[in-house]
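Presented below is the structure to which this report refers.
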Amino acid sequence: MCLDLDSTHRYYVSSKTINKLIQVHDRIFCCIAGSLADAQVVTKAAKFQISFHSIQMESPPLVKAAASVLKELCYNNKEELQAGFITAGWDRKKGPQVYTVALGGMLLSQPFTIGGSGSTYIYGYADAKYKPDMSKEECLQFATNALALAMGRDNVSGGVAHLVVITEEGVEHVVIPGDKLPKFHDE
């Protein structure tokens, strides 16, 4: 997973240090887009439900179960919420997985996904450069380049790149300052 740290309201950057990556369980994370307040409330409720489910089952939750909790919360409150989520993680049953929970609560399983204001600038790049079964290094390069391209074109994306690698072995965080990201054009 990869994201920037800017928080915006329309075309105004209200903060350059918002963590839009929420850990909902040991190896399950959500990237948030849309209303920050809505997303924070939903992820807080989801974390509680996912932890409760894990305790009841006496095992770590499945990534799909976590994404389904978010889906239900979004669907049941679709008239009030303006938040979408990318949920990704690793579980013992299916390994690495990525899910999109769109506004209104639609849940999609995808090999990769992009979201947020900068995503409109990088669909072509992502479609052309993504390939199944990439190595960890290839994934990090793909994600870093995609985010750098989005940040270079979208006036409300920026700051630093926060990458998270989620595997069977655990979770690894990588932070790349904005001035260390690759440059693809003159700014």
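The numbering of the sequence shown is the numbering used here, which starts it at 51 and goes up by one.
Cβ coordinates follow ideal geometry from the N, Cα and C atoms, glycine included.
Quick caveat: nothing in here was measured; it's all calculated off a predicted structure.
- Counting only unbroken stretches of 4 or more residues, no alpha helix (DSSP H) element lies wholly within the region 195-230.
- Shown here, residue 152 sits in coil according to DSSP, grouped into three states, outside any helix or strand.
- Beta-bridge partners of residue 137 (DSSP): 80, 149.
- Here residue 213 is actually not in contact with residue 171; their C-beta atoms are around 19 angstroms apart, not less than 8 angstroms.
- Nearest to residue 78 by alpha-carbon distance, out of 148, 53, 108, 90, is 148.
- Membership of residue 105 in the alpha helix (DSSP H) is indicated by the continuous run 86-107.
- Annotation for residue 51: 71, 79, 81, 136, 138, 193, 213, 214, 216 place their beta carbon closer than 8 angstroms to its own, counting only its chain and skipping 5 residues before and after.
- Residue 133 is classed as buried because its beta carbon has at least 16 other beta carbons within 10 Å across all chains shown.
- If the five residues before and after residue 83 are omitted, its C-beta is found closer than 6 angstroms to the C-beta atoms of 134, 165, 166, all from its own chain and listed in chain order.
- Annotation for residue 76: 110 place their beta carbon closer than 7 angstroms to its own, counting only its chain and skipping 5 residues before and after.
- Residue 176 places its beta carbon 8 angstroms or farther from that of residue 152.
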